[in-house]
Structure formats: C-alpha cells, structure tokens
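Engineer:
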Amino acid sequence: MPGASSGRPSACCGCRRLGDVERDALGGADVRAVLFDVNGTLVHILTEDGADDVFRAAGHYLTYQGIDVRRDELRDPYFAMMRAQRMLSPHRHPEFDAVGIWRIIVERHATAYTRSLPAAKREQIPLFLAELTRGVARRRLKPYPNVPEVLERLRRAFPLAVVTDAQSAWARAELHQVGLLDFFDPVVVSGDHGFRKPDPRLFALALDSLGVCPEQALYVGNDMYRDVYGASRLGMTTVMFASDQGVKEYEDAVPDLTITDHRELLGILGLDPLDPLDPPGQSTSW
Ligand SMILES: [Mg+2]
Numbered sequence: 055m056p057g058a059s060s061g062r063p064s065a066c067c068g069c070r071r072l073g074d075v076e077r078d079a080l081g082g083a084d085v086r087a088v089l090f091d092v093n094g095t096l097v098h099i100l101t102e103d104g105a106d107d108v109f110r111a112a113g114h115y116l117t118y119q120g121i122d123v124r125r126d127e128l129r130d131p132y133f134a135m136m137r138a139q140r141m142l143s144p145h146r147h148p149e150f151d152a153v154g155i156w157r158i159i160v161e162r163h164a165t166a167y168t169r170s171l172p173a174a175k176r177e178q179i180p181l182f183l184a185e186l187t188r189g190v191a192r193r194r195l196k197p198y199p200n201v202p203e204v205l206e207r208l209r210r211a212f213p214l215a216v217v218t219d220a221q222s223a224w225a226r227a228e229l230h231q232v233g234l235l236d237f238f239d240p241v242v243v244s245g246d247h248g249f250r251k252p253d254p255r256l257f258a259l260a261l262d263s264l265g266v267c268p269e270q271a272l273y274v275g276n277d278m279y280r281d282v283y284g285a286s287r288l289g290m291t292t293v294m295f296a297s298d299q300g301v302k303e304y305e306d307a308v309p310d311l312t313i314t315d316h317r318e319l320l321g322i323l324g325l326d327p328l329d330p331l332d333p334p335g336q337s338t339s340w
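Residues in the sequence shown are numbered from 55 upward in steps of one, following our numbering.
#1: Unbroken alpha helix (DSSP H) runs of length 4 or more, entirely within the region 223 to 309: which are they?
#2: Assign Q178 to buried or exposed, taking buried as 16 or more other Cβ atoms, counted over all protein chains shown, within 10 Å of its Cβ.
#3: Within the present structure, is the beta-carbon of T292 separated from the nearest heavy atom of ligand 1 by less than 6 Å?
#4: From E127, R250, P240, pick the residue whose C-alpha is nearest to that of V108; which is it?
#5: Which of the three DSSP states, helix, strand or coil, is assigned to A111?
#6: Comparing alpha-carbon positions, which option in R317, R157, D310, P144 lies nearest V85?
#7: Is the closest heavy atom of ligand 1 to the C-beta of T314 under 6 Å?
#8: In three-state DSSP terms, what is A220?
#9: In chain order, what are the residue ranges of uninterrupted alpha helix (DSSP H) at least 4 long that sit wholly in the region 98 to 151?
#10: Classify K251 as buried or exposed, calling it buried when 16 or more other Cβ atoms lie within 10 Å of its own Cβ.
#11: Might you give, ordered along the chain, the residues of its own chain that have their beta carbon closer than 6 Å to the beta carbon of P144, omitting 5 neighbours on each side?
#12: Between the region 235 to 250 and the region 147 to 161, do three or more beta carbon pairs fall short of 8 Å?
#13: Counting pairs of Cβ atoms below 8 Å between the region 181 to 193 and the region 150 to 164, do you hit three or more?
#14: Can you list, in chain order, the residues of its chain whose CB lies under 8 Å from that of V123, leaving out five sequence neighbours each side?
#15: Check each candidate in D277, M278, A285 and name the one with the smallest Cα separation from C267.
#16: Here's the rule: buried if 16 or more other CB atoms are within 10 angstroms of the residue's CB, otherwise exposed. What is M278?
#17: Let me know if G275 comes out buried or exposed under the rule of 16 or more other beta-carbons within 10 Å of its beta-carbon.
#18: Can you tell me where the beta strand (DSSP E) holding T312 begins and where it ends?
#19: DSSP three-state call for P327: helix, strand or coil?
#20: What residues in its chain sit with their C-beta under 6 Å from that of V190, if we drop five residues either side in the sequence?
#21: Using only alpha-carbon positions, find the residue among R125, L205, P254 that is nearest to V232.
The following block contains the structure:
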C-alpha cells in the first residue's frame, strides 16, 4: 500500500497568512493550502460506463489481439469483477482497479494468437482497454466556468493539491486534457492506493506532501459524504461547491461554506477579484 499515512503532518509550511477578516469568515481557520476534489467540483464530466458503444469498441479492439467476444461477454463480467474487487478489498472504502479487471478478462479469453504477440504489447493491452473504454464512455469533459482563471489566481498565493476518487489510468490525463494538471502538486488519486474518500488516509497523503496541518487546509468538493464529511473529519475547513453532481446530504455533515461560483473562493481567501481585463468567461476556451 504505497504512501499510506498514519496521520497528521509534523511540519507546517510558511506560505501566505490570512488576515483577520478572512480568518473570521473561515471560522478562525488559518488556511495555508487549498485542496480540491476534481469531478463535479473543477471538472464537469459525464460518462455512460455501461453503454453499448463502450463494450462494442472494446470487443472490436480485442479482435486485433486474437480474441472474439460479444459485448455482453465483456460488460457483465467487467461489472461483476468490479463488485467483487470492492467486496474482497481489505479497505473500508475500496477503490476498484479497471486495468486489473481488463487484465483478467484478456487472460480469460486469450488465444494462441494472443499469446504469440510481443510481450511488451500484451502487457499494454489492459491499460489500453481501460483508456479506450473511458474515452468512448465520456460524454462531457470540461472545467466549470471560471475555474482556470480562479486557479491561476489562487496558485500565486497558496499551494494547491488534488484529492480525487478516480482510476490511475485516466485521472491525470483528464486533468491534462482540460488544462488543469499543472496547477496541482500533489495529485492524489484513489486508484493509486486502493481506497477512496472519505478514507482519511487519502486526504492525509496530500496534507503530508504539502506539509500543512489539517486545520491549515481548505478542501473544496461537491459531495457531502466523500468530500465534506471526509475532509472535516480530519479537521480541514470545507467548502461545498453546489454543482449538479454528487451527494448533497449525509447525516449531520455541514460544510463551513457553500459556493455556487468558483470566483467566490478568491474573496473567501482574501484575494482580489479577477482583473477587469480578464473578465469571467471570456478567456475560457473549452
Ligand atoms: Mg466530486
């Protein structure tokens, strides 16, 4: 289990300090770093993971590897193995492994022709299938309005990080595709670790890397359970982005703040609004 952390960072960074007004608005928190969820928070993404065209494409690709299977012979086992992986996981909040599932499926159907392919090619087939099926399943992938501009402003004042529930095969590539990857360090992806939010270890990995205490971190997410409940349990200040995605209620979890526009983050953190020469919406080209 790479990078598992037992808890709180031992050192805090010496970055920008908030003024009294901003600290009051944040319930007294002295925010030194800003962490984000991705899907439904920064990026508006829609996928149809079980759609016919997804598994038809996978089946057609496999014919070039010597494997001839119908789409239902791929789709049903794929989702059955996803459920099994989660059930058998030792983690309370397990993440599945798409590449691992495709590896099993390819091995199960491999023919003499498949086994005659170069080893380097055979090794890449499961990853290629994970990427291919994600790409075909994708119906929308774009940042929410104003996100690039707001992140550009934020990163001049705070270290920024991502904690996302996603597959390793596509999380960073999708952030790169929408032009956001380089804003963040670290990018913590659940698929790299086998567990997902609200597991506190995933948040702690980012906090440790940033060198800040939970009480010095602001977490922005769109899901009341995975994001707000998860981050607040560690002591992070939470901001709920009220997007069209995610669970909006979980027990008595309540965010410290709720926003409907990412530009609100600038005021919350005591930063100037976007420049008049850079009006919202006009520089977003996606
Ligand atoms: Mg989300």
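The beta carbon of each residue, even a glycine, is placed where N, CA and C say it ideally should be.
Structural biologist: Taking the geometry as given:
#1: 225 to 231, 254 to 264, 284 to 288
#2: Locating residue 178 in the sequence shown gives position 124, counting from the first residue. By the 10 Å Cβ count, Q178 comes out exposed.
#3: For this step, residue 292 is matched to residue 238 along the sequence shown. T292: no, Cβ never under 6 Å from ligand 1.
#4: Start at 1 with the first residue of the sequence shown, and residue 108 comes out as number 54. Answer by Cα proximity: E127.
#5: Within the sequence shown, the letter at position 57 stands for residue 111. In this structure, A111 counts as helix in the three-state DSSP scheme.
#6: Walking along the sequence shown from the start, residue 85 turns up at place 31. The candidate whose alpha carbon is nearest that of V85 is D310.
#7: Working through the sequence shown from its first residue, we reach residue 314 at position 260. Not so, every heavy atom of ligand 1 lies at least 6 Å from the Cβ.
#8: Your numbering for residue 220 matches position 166 in the sequence shown. Under the three-state reduction of DSSP output, A220 falls in the coil class, being neither helix nor strand.
#9: Correct list: 106 to 117, 125 to 142.
#10: For the purposes of this step, residue 251 is taken as the residue at position 197 of the sequence shown. Its Cβ being crowded by 16 or more others within 10 Å, K251 is buried.
#11: Against the sequence shown, residue 144 aligns to sequence position 90. By the criterion of a C-beta distance shorter than 6 Å, P144 is surrounded by no residue of its chain, once the five residues flanking it on both sides are discounted.
#12: yes
#13: yes
#14: Here residue 123 refers to the residue found at position 69 of the sequence shown. So the qualifying residues of the chain are G113, L116, H163.
#15: Here residue 267 corresponds to residue number 213 of the sequence shown, with the count starting at 1. Comparing Cα-Cα distances from C267 to each of D277, M278, A285, the minimum goes to A285.
#16: Start at 1 with the first residue of the sequence shown, and residue 278 comes out as number 224. Classification for M278: buried.
#17: Reading the sequence shown from its first residue, position 221 is the one you call residue 275. By the 10 Å Cβ count, G275 comes out buried.
#18: Within the sequence shown, the letter at position 258 stands for residue 312. Run containing T312: 311 to 313, per the beta strand (DSSP E) assignment.
#19: Your numbering for residue 327 matches position 273 in the sequence shown. Reduced to three states, the DSSP call for P327 is coil.
#20: Stepping through the sequence shown from its first residue, residue 190 is reached at position 136. The residues are D107, V108, A111.
#21: Mapped onto the sequence shown, residue 232 falls at position 178. Minimum Cα distance to V232 is reached at L205.
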